[in-house]
């Protein structure tokens, strides 16, 4: 059974018009959300492969590799790129390797998203954080669309239009041939942003 807002009744002409205006106004969201969602799904699918690649990189560490300093003063070595300016890094610890998802900024600043001694758990925690950011993005988008439609159509109930728009935005699939792009902005300036 479908949860589509227009399942039981076709949209009115006014709802069609409102949907078109929302689609035009929020066009960038229609591109960004599915791309971000696809990147998180791929990260979850490739969790084992990424973990193996990071551990392989750590076992073949080059002593002359330039370390990546992070905002806490620690020095890390790049293991594997995730997407955009995010990578999984490692560093030797007293008893075991430590892993971190690090965001690298053009200004040279590098921030840690997640860290720990188990690469799988670090990556799972990061993927979970990204899924939560996507949910917050979806909730915020619905509020923005609802507000936009209320301003355009002050005396009309456009809740079905807002619901349909957010459903479309959050369920569109993205072709794997498209570049995975993220506009980071949630947690400490990073992650998926609204």
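In my numbering, the protein residues as written are 1320 to 1513.
Every residue gets a Cβ at the ideal spot worked out from N, C-alpha and C, and that includes glycine.
Where residue i falls: helix, strand or coil (DSSP)
i, result
"residue 1481", "helix"
"residue 1328", "coil"
"residue 1345", "coil"
Buried/exposed call for residue i, threshold 16 Cβ in 10 Å
i, result
"residue 1409", "buried"
"residue 1375", "exposed"
"residue 1429", "buried"
"residue 1422", "buried"
"residue 1466", "exposed"
"residue 1414", "exposed"
"residue 1492", "Residue placement at residue 1492 cannot be trusted, given a pLDDT of 48 that sits under 50; the coordinates are not used to answer."
"residue 1334", "buried"
"residue 1424", "exposed"
"residue 1419", "buried"
Given residue i as reference, the closest of the options once Cα atoms are compared
i, options, result
"residue 1356", "1434, 1452 and 1483", "1452"
"residue 1449", "1347, 1353 and 1332", "1353"
"residue 1460", "1489, 1426, 1429 and 1404", "1489"
"residue 1440", "1389, 1367, 1423 and 1482", "1367"
"residue 1365", "1427, 1423, 1457 and 1400", "1400"
"residue 1344", "1370, 1468 and 1486", "1468"
"residue 1385", "1397, 1455 and 1349", "1397"
"residue 1416", "1381, 1350, 1427 and 1435", "1435"
"residue 1351", "1462, 1474, 1456 and 1424", "1456"
Same chain only: Cβ atoms within 6 Å of residue i, ignoring 5 sequence neighbours per side
i, result
"residue 1484", "1341 and 1464"
"residue 1372", "1399"
"residue 1507", "Residue placement at residue 1507 cannot be trusted, given a pLDDT of 38 that sits under 50; what the coordinates show is reported in the next sentence. Hits under 6 Å: 1430."
Own chain, CB closer than 7 Å to residue i, minus 5 neighbours either side, in chain order
i, result
"residue 1471", "1337 and 1340"
"residue 1361", "none"
"residue 1389", "1395, 1421, 1429, 1430 and 1431"
"residue 1446", "1359, 1362 and 1363"
"residue 1328", "none"
"residue 1475", "1333"
Proximal residues to residue i (C-beta, below 8 Å), its chain only, five neighbours per side dropped
i, result
"residue 1330", "1338, 1479, 1480 and 1483"
Residue i Cβ short of 7 Å to the ligand NAP heavy atom set
i, result
"residue 1382", "Among the components modelled here there is no ligand, and therefore nothing to report on the ligand NAP."
Within the segment 1361-1401, note down every full alpha helix (DSSP H) run reaching 4 residues or more, in order along the chain. 1366-1378
So within the segment 1400-1476, which uninterrupted beta strand (DSSP E) runs reach at least 3 residues, ignoring any that extend past its ends? 1405-1411, 1416-1423 and 1429-1435
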